[in-house]
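Residue numbers (the numbering used here), protein chains in the order written: chain A, 1 to 324; chain B, 1001 to 1376; chain C, 2001 to 2304.
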């Protein structure tokens, strides 16, 4: 018999795949869009989960990477659309794989820089310094006029993927869903690897790690960078979903929401981010439909989860996590 | 589950045409968060206009965007794909309009703007499906620049450091002929203006023009009044409209501001609107309410001429703007933005309540600066 | 640039710093004594401003409003501590961040529910209206000088409280060894509630004082909250002295940056561009400063 967690995980993964297929069948394409949103937010949270869940690095600034990913997609597409070269004669592009690559490289480099400084601190200081970096980028995006500033940057059409017509909701969902699965495979590989073991040791006891000759900073930095890359990819997809990148992707509320997703689902768990994203989008959609005060009730629910349901949704459904 | 407000009000003799099929209008506006006051006025005036028309074939789908662009985008998708609305309207903020409008009109859905008018949608990127019933963003500021020429030679100008702020100062400078004592861009959402007020004091300006929407303007005015600087200020009507005057208090008295509407505009449609709004909601309407009232009446007038399903005929009916605007004369330019008068108002106190009264007309039949670039 | 202008800007920076100190003092006390990171501190600021505005408009007296702001914020703080925060002492910072993030949502939407979306009106009391002359021929708003005065009074009061009273002794003891003072028979629960309510009252006071200058509306606490965190982190979490130095530093840096950066850039760029780029840089300045300080002193300037 399969363990309960595997069962819950399988149900979640199939559910997310089934909703859009049914939605298309009954001609309710909006539910495809909603599912795509879940997949992308889950992807971003999978990224954060690598740093937060495995490494214990509470980054309150992951919106920076989410937003940078989004802006990369929007900027490259805008340049391609207007046929203006970027700089040094480089052209923009509307091809998703290229955009993803660029977004991931830029996020990786930014995370390397931010991580090098931030990881010198720990605890509350780490929470706050990551927040400070995100705020810096947020204010920069708001006041830099070239790419829309506060207005954000619109994509006129969704970017393309070879052989798929991404303008339609379902193929784009499939792209996002595939990337989500790929990221979850990566997460599970990391968790099972020697690197993952070292990372989890760094979370619990740095001295022990140093004693066996591993520099904790390097391990944590690597995790932070990988985490940022995955979140940045999600940002690029998010811009494509909304056909729009805006400074609010960079705001501290976004950072808070990403943490909420991870905790709501169950931190450090493979399917935690997906469970969290499903729950969050469901709250947002149904509560938002019932009352304008939905944020009030979201607050109550969140508070309830933190105070009484430790381990999040997966903890509730599948029991205590087997790791750590 | 969905917040659908079916307006099943007694159909009165007012109905002028036979309404054959139901019409679904999606309203995306800001009902929660810091800017909710504007969206609530928008919604209230819009629903009141539909209710009073007695047209019971109209179904409204009203949703809250919380002033967040991604939520607005998501709602637009939902309304188009799931609710299958015929028209969209309601957005208050330029940045949300920039997120929603291009994709909406690309899907051949008509969008009517009851407030925002970003320059990017007025020029080369104008669209036959996009109708702006309010103004182009620069208009109010242009009017104030024009009016300032009368009395002032050296103006200090300030606005937040974001696109609408830059548009505002550009608009002002387009018509202002005097010298600038200073041009300052403040932080978005800034609440303390002591540093800027000190610069105004030091600059030797003979007047101040500022564009600081919402809470920013309230803070600025309250601090300015206490600072001992006596240089006269002026601004666009947004900073001195019914929604914020109460919070600024007497510091606003006597300030000149520009707007395309005021509650004392002398025409029948306006009198009827102000009365109806006051009776229904027990407060004075703001400019956002006035513009939404017009948007609703424009839609009603077009519906009486053409079916919403016949898109081309319906758009032609909209473009003819054959309705009684609370702003008096109202015509659409080639870019589907209004040609209208812009007035200068002064803040006064009536029966203990701060409000505005028109003192001059800055522009007659004013067109925006971007219409030439629009190929329509 | 005249001396009067420079002096006025320095006072502006000082006034911003003093206000940030009122916020940061509570945050840093709560963290130092209880080890709790409280994002909902901005909501207490908002509660203070609302209480002041409502009572002032009902009674016509700003001073009664000010008292109401202290009472309301302290009461709200005590309730938060008893109902929510008390369950979080043993949890990691992540749970604290999340729970207090949830509190922000509850307080913001809740006050909108009760008081509506339109900003409330709160004016400066008649005694403090107007401006006073400065040396060098300038003028300065009297009310802002009064805020600076209140800030200095609160800072000295806190110093006296912590170094010369029984409560202060317990607070200091709580900061250095939590288990120990419980073992010594001090009612630790009551101490925590008092400290939290004290921090809340200071935030409420800041909200009421600033509410009269700005607009009293839902969400007014959030920008201040982030700034207050910057202050606390720069100063060193748990250190009141650090909060004071950090607050003045941030206040001066922010004000002078907004004022001098565009002016400096105007020497090499056209005025309109200098304004925009200078404004953009100025808004990032304090975060850059914070990152730099933490890069060299990872536990802030006055690490406890």
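Even glycine gets a Cβ: it sits at the ideal position worked out from N, Cα and C.
So with Cβ pairs under 8 Å, would you call residue i a contact of chain C?
{"i": "residue 307 (chain A)", "result": "yes"}
{"i": "residue 323 (chain A)", "result": "Interpretation of residue 323 (chain A) is limited by its pLDDT of 46, a score under 50 that renders its predicted location unreliable; the figure taken from the coordinates is listed afterwards. Not closer than 8 Å to any Cβ of chain C, the Cβ of residue 323 (chain A) fails to qualify, so no."}
{"i": "residue 140 (chain A)", "result": "yes"}
{"i": "residue 1385 (chain B)", "result": "Examination of residue 1385 (chain B) is not possible in this model, given that chain B is present from 1001 through 1376 alone."}
Who are residue i's beta bridge partners in DSSP?
{"i": "residue 1412 (chain B)", "result": "Because residue 1412 (chain B) is not part of the residues shown, which for chain B are 1001 to 1376, the question remains open."}
{"i": "residue 1236 (chain B)", "result": "B:1258"}
{"i": "residue 1224 (chain B)", "result": "Per DSSP, none; premise fails for residue 1224 (chain B)."}
{"i": "residue 1345 (chain B)", "result": "B:1257, B:1358"}
{"i": "residue 1130 (chain B)", "result": "B:1111"}
{"i": "residue 1157 (chain B)", "result": "B:1183, B:1209"}
{"i": "residue 308 (chain A)", "result": "Residue 308 (chain A) is not bridged to any residue."}
{"i": "residue 154 (chain A)", "result": "A:244"}
{"i": "residue 1231 (chain B)", "result": "Answer by DSSP bridge pairing: none, since residue 1231 (chain B) is not bridged."}
{"i": "residue 2131 (chain C)", "result": "C:2141"}
Does residue i come within less than 8 Å of chain B when only Cβ atoms are used?
{"i": "residue 204 (chain A)", "result": "no"}
{"i": "residue 2276 (chain C)", "result": "yes"}
{"i": "residue 2070 (chain C)", "result": "no"}
{"i": "residue 2111 (chain C)", "result": "no"}
{"i": "residue 143 (chain A)", "result": "yes"}
{"i": "residue 2148 (chain C)", "result": "no"}
{"i": "residue 2124 (chain C)", "result": "yes"}
{"i": "residue 2176 (chain C)", "result": "no"}
{"i": "residue 2189 (chain C)", "result": "no"}
{"i": "residue 2228 (chain C)", "result": "no"}
Check whether the Cβ atoms of residue i and residue j sit closer than 8 Å, and answer yes or no.
{"i": "residue 2081 (chain C)", "j": "residue 2196 (chain C)", "result": "yes"}
{"i": "residue 1227 (chain B)", "j": "residue 1164 (chain B)", "result": "no"}
{"i": "residue 311 (chain A)", "j": "residue 266 (chain A)", "result": "yes"}
{"i": "residue 2167 (chain C)", "j": "residue 2161 (chain C)", "result": "yes"}
{"i": "residue 12 (chain A)", "j": "residue 274 (chain A)", "result": "yes"}
{"i": "residue 1122 (chain B)", "j": "residue 1342 (chain B)", "result": "no"}
{"i": "residue 20 (chain A)", "j": "residue 271 (chain A)", "result": "no"}
{"i": "residue 2280 (chain C)", "j": "residue 143 (chain A)", "result": "yes"}
{"i": "residue 2207 (chain C)", "j": "residue 2045 (chain C)", "result": "yes"}
{"i": "residue 1231 (chain B)", "j": "residue 1206 (chain B)", "result": "yes"}
Between residue i and chain A, is there a C-beta pair that is closer than 8 Å?
{"i": "residue 1005 (chain B)", "result": "Bear in mind that a pLDDT of 41 at residue 1005 (chain B), under 50, signals an unreliable position, so the number given afterwards is only what the model happens to contain. Judged by the 8 Å Cβ criterion, residue 1005 (chain B) is not in contact with chain A."}
{"i": "residue 2256 (chain C)", "result": "no"}
{"i": "residue 2179 (chain C)", "result": "no"}
{"i": "residue 1188 (chain B)", "result": "yes"}
{"i": "residue 1081 (chain B)", "result": "yes"}
{"i": "residue 1159 (chain B)", "result": "no"}
{"i": "residue 1001 (chain B)", "result": "In this prediction, residue 1001 (chain B) scores a pLDDT of 34, lower than 50, which makes its location untrustworthy; no coordinate-derived value is stated."}
{"i": "residue 1119 (chain B)", "result": "no"}
{"i": "residue 1132 (chain B)", "result": "no"}
Between the stretch 233-243 of chain A and the stretch 35-47 of chain A, do three or more beta carbon pairs fall short of 8 Å? Output reads yes: the stretch 35-47 of chain A touches the stretch 233-243 of chain A.
May I ask you to list, following chain order, the residues of the stretch 234-248 of chain A that have a beta carbon less than 8 Å from some beta carbon of chain C? Here the close residues number zero.
Determine, using beta-carbon pairs with one atom in the stretch 1168-1175 of chain B and one in the stretch 1250-1270 of chain B, whether at least three such pairs fall under 8 Å. Because the criterion of three Cβ pairs below 8 Å is not met, the stretch 1168-1175 of chain B and the stretch 1250-1270 of chain B do not touch.
Would you call the stretch 1311-1320 of chain B and the stretch 1276-1295 of chain B touching, i.e. three or more CB-CB distances under 8 Å? For the pair of segments examined, the stretch 1311-1320 of chain B was found not to touch the stretch 1276-1295 of chain B: the number of CB pairs separated by less than 8 Å stays below three.
Is the stretch 1269-1281 of chain B touching the stretch 1041-1053 of chain B in the sense that three or more CB pairs, one from each, lie closer than 8 Å? Yes, since at least three Cβ pairs between the stretch 1041-1053 of chain B and the stretch 1269-1281 of chain B fall closer than 8 Å, the two stretches touch.
Check whether the stretch 48-63 of chain A and the stretch 2085-2098 of chain C are in contact - that is, three or more C-beta pairs closer than 8 Å. Verdict: yes, contact present.
Does the contact criterion of 3 or more C-beta pairs under 8 Å hold for the stretch 279-298 of chain A versus the stretch 150-169 of chain A? Fewer than three Cβ pairs drawn from the stretch 279-298 of chain A and the stretch 150-169 of chain A lie within less than 8 Å of each other, which leaves the two stretches out of contact.
Does the stretch 2019-2031 of chain C come close enough to the stretch 1364-1374 of chain B that 3 or more CB-CB pairs lie under 8 Å? Cβ pair count under 8 Å is below three, so no.
Quick one, which residues of the stretch 2266-2297 of chain C are near chain A if we go by CB-CB under 7 Å, in chain order? Across the stretch 2266-2297 of chain C, CB contacts with chain A closer than 7 Å involve 2276, 2279, 2280, 2283, 2284, 2287, 2288, 2290, 2291, 2294, 2295, in sequence order along the chain.
Where the stretch 2017-2037 of chain C meets chain A: residues whose CB sits under 8 Å from a CB there: Listed in sequence order: 2031, 2037.
At a Cβ cut of 7 Å, what residues of the stretch 9-36 of chain A count as close to chain B, listed as they run along the chain? Per Cβ criterion, the list reads 28, 29, 30, 33.
The stretch 1125-1140 of chain B / the stretch 1095-1114 of chain B touching (three or more Cβ pairs under 8 Å): Judged by Cβ distances under 8 Å, the stretch 1125-1140 of chain B makes contact with the stretch 1095-1114 of chain B, as three or more pairs qualify.
Chain B contacts made by the stretch 2044-2063 of chain C, where a contact means CB separation under 7 Å: Cβ proximity to chain B below 7 Å picks out nothing from the stretch 2044-2063 of chain C.
On the three-pair Cβ rule with 8 Å, is the stretch 64-79 of chain A touching the stretch 291-300 of chain A? Cβ pair count under 8 Å is below three, so no.
Taking 8 Å as the threshold, find out whether the stretch 2198-2209 of chain C comes into contact with the stretch 2065-2082 of chain C through three or more Cβ pairs. The stretch 2198-2209 of chain C, when compared against the stretch 2065-2082 of chain C, does touch it at the 8 Å Cβ threshold.
At a CB distance below 8 Å, what residues from the stretch 82-113 of chain A approach chain C? Give them in sequence order. From the stretch 82-113 of chain A, no residue has a Cβ closer than 8 Å to chain C.
Say whether the stretch 2226-2241 of chain C touches the stretch 2017-2027 of chain C, bearing in mind that this needs 3 or more beta-carbon pairs closer than 8 Å, one atom from each stretch. Remark: three or more beta-carbon pairs, one from each stretch, lie closer than 8 Å, so the stretch 2226-2241 of chain C and the stretch 2017-2027 of chain C are flagged as touching.
Any residues in the stretch 1212-1237 of chain B with a beta carbon nearer than 7 Å to a beta carbon of chain C? Which ones, in chain order? Residues passing the 7 Å Cβ filter: 1215, 1218, 1219, 1222, 1223, 1226, 1227, 1228.
Closer than 7 Å, Cβ to Cβ, to anything on chain C: give me those residues from the stretch 274-304 of chain A, in chain order. Result list: 293, 295, 296, 298, 299, 300, 302, 303.
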